[in-house]
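S.K.:
Residue numbers (the working numbering): 1 to 376.
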């Protein structure tokens, strides 16, 4: 603010502004200049104090009346001083004019200036160039150091907020986790892991597959580690499948396996997509078999893989292989009524009615009710 600024100028309102306008202007400026929003910047702290002092005076009717009287008196004294200067013959130029002098005369005429000594123009020598070059190097280095420091600080803060989101998700508070990940992205727009975790939460808890797909696409532009890219491509494939884009989902899973061939989750997801949606039974059997041979697959993934391979063999009419895989699946999960039902159907096809009846009873005891038509 200029030294001659009034409290009205500080708040940006005219002299005759109503009290409501003054109060609204103070609230707006207080939010804009609050020190907490500017990390304790002394400049904004001083502006905040000036605005608060202006509202303390103008917000109170009695203080405002006294201030208006003092302001009017000051303006009257200034006008009287200008009249005295004009009467004394001094040249008074308007404020802002290039010949604005309070107590001196206008510049000399051209005739008077003709006898002034012409100063010799200074030359820019080699030493001056070196000094200027050193100054430019210093300024460039300092600017780079400041930018690096700011980037490091923002990255550290983004990591802290990202970790807070992971802890919130561990507690089961996924809305807080998504809020923290959004804050991490705002702090560091290239934070691929934050995009990926937010996409997983949107797909898992909100079933907002379109939003999750957009976050996965951004995450894949910034993730570099093969394991991270494979995980995000697998999640992206789940969103595509939920949106009915099965061919794109299979392509995404295939790309995930090119980054991480031993990633059992991607291999199993592609196998089940080929089995239940794409009807590529031989391709599904190949993927299920690789999951079963993988050293990184969990017991639950192996159980899903052996059951899926048994269903694929069943749909291809390979009763012996289907029976072998489904018996292994039932030994891994004895509560699975669907596996009992499929074994009963295989026994009936093999001409073993008694065994078929046993499996049918077991399926019913486990609460499984077969659909009217088996899903292809």
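Where is the CB? At the ideal position from N, CA and C, for every residue including glycine.
Among residues of its own chain, excluding the 5 on either side of residue 203, which ones have a beta-carbon nearer than 7 Å to its beta-carbon?
M.R.: 209, 212, 235, 238, 239
S.K.: With three or more beta-carbon pairs closer than 8 Å as the criterion, would you say the segment 141-159 touches the segment 182-195?
M.R.: At 8 Å Cβ cutoff, the stretches touch.
S.K.: Inspect the beta-carbon positions of residue 246 and residue 291 and report whether they are closer than 7 Å.
M.R.: Not in contact: residue 246 and residue 291 (Cβ atoms no closer than 7 Å).
S.K.: If we require 4 or more residues per run, which alpha helix (DSSP H) segments fall completely within the segment 299-328?
M.R.: 299-315
S.K.: Apply the 10 Å Cβ neighbour rule to residue 387 and answer buried if 16 or more other Cβ atoms are within range, or exposed otherwise.
M.R.: Residue coverage of the chain in this structure runs from 1 to 376, which leaves residue 387 outside it and unanswerable.
S.K.: Span of the alpha helix (DSSP H) holding residue 349?
M.R.: First-last of the alpha helix (DSSP H) with residue 349: 337-349.
S.K.: What separation, rounded to the nearest whole angstrom, lies between the Cα atoms of residue 30 and residue 10?
M.R.: Approximately 11 Å between the Cα atoms of the pair.
S.K.: With H, G and I counted as helix, E and B as strand and the rest as coil, what does DSSP make of residue 260?
M.R.: For residue 260, the secondary structure class from DSSP, reduced to helix, strand or coil, is coil.
S.K.: Would DSSP call residue 86 helix, strand or coil?
M.R.: helix
S.K.: Suppose you measure from the CA of residue 362 to the CA of residue 368; what does that come to, to the nearest Å?
M.R.: 9 Å
S.K.: Classify residue 166 as buried or exposed, calling it buried when 16 or more other Cβ atoms lie within 10 Å of its own Cβ.
M.R.: Under this definition residue 166 is an exposed residue.
S.K.: Give the single residue among 343, 264, 248 whose Cα lies nearest to the Cα of residue 298.
M.R.: When only C-alpha atoms are compared, the closest one is 264.
S.K.: For the candidate residues 339, 149, 334, whose alpha-carbon lies nearest to that of residue 322?
M.R.: 339
S.K.: By DSSP, does residue 352 sit in helix, in strand, or in coil?
M.R.: coil
S.K.: Report the rounded CA-to-CA distance for residue 346 versus residue 330, giving the unit in angstroms.
M.R.: Distance from the CA of residue 346 to the CA of residue 330, rounded to the nearest whole angstrom, comes to 14 Å.
S.K.: Mapping the DSSP letters down to three states, classify residue 18 as helix, strand or coil.
M.R.: coil
S.K.: Would you report the Cα separation of residue 271 and residue 294, rounded to the nearest angstrom?
M.R.: 14 Å
S.K.: In terms of residue numbering, what span does the alpha helix (DSSP H) encompassing residue 50 cover?
M.R.: For residue 50, the enclosing alpha helix (DSSP H) starts and ends at 42-58.
S.K.: Under the rule that 16 or more other beta-carbon atoms within 10 Å means buried, what is residue 18, buried or exposed?
M.R.: exposed
S.K.: By Cβ distance below 7 Å, which residues in the same chain neighbour residue 229 in space, the five residues on each side in sequence not counted?
M.R.: Taken in chain order, the residues that qualify are 220, 223, 259.
S.K.: Do you know how far the Cα of residue 43 is from the Cα of residue 128?
M.R.: Straight-line Cα distance between these residues: approximately 35 Å.
S.K.: Within 10 angstroms of the Cβ of residue 334, are there 16 or more other Cβ atoms? Answer buried if so, exposed if not.
M.R.: Here residue 334 is exposed: its Cβ has fewer than 16 other Cβ atoms, across all protein chains shown, within 10 Å.
S.K.: CB-CB under 6 Å to residue 164, same chain, minus the five flanking residues each way: which ones, in chain order?
M.R.: By the criterion of a C-beta distance shorter than 6 Å, residue 164 is surrounded in its chain by 180, once the five residues flanking it on both sides are discounted.
S.K.: By Cβ distance below 6 Å, which residues in the same chain neighbour residue 47 in space, the five residues on each side in sequence not counted?
M.R.: 33
S.K.: Would you kindly work out how many angstroms separate the C-alpha atoms of residue 232 and residue 308, rounded to a whole number?
M.R.: 24 Å
S.K.: In its own chain, which residues sit with a C-beta less than 8 Å from the C-beta of residue 72, not counting the 5 before and 5 after it?
M.R.: Around residue 72: no qualifying Cβ.
S.K.: Would the beta-carbon of residue 356 fall within 7 Å of that of residue 344?
M.R.: yes
S.K.: Given this structure, state the Cα-to-Cα distance separating residue 197 from residue 56, to the nearest angstrom.
M.R.: 48 Å
S.K.: Thinking residue 269 and residue 243 are a contact (beta carbons under 8 Å), I'd like their distance in whole angstroms, please.
M.R.: Their Cβ separation, rounded to whole angstroms, is 15 Å, which puts residue 269 and residue 243 out of contact at 8 Å.
S.K.: Check residue 294 in the structure and name its three-state DSSP category.
M.R.: coil
S.K.: Spatial neighbours of residue 255 within its chain, please: C-beta separation below 7 Å, excluding the five flanking residues on both sides.
M.R.: 233
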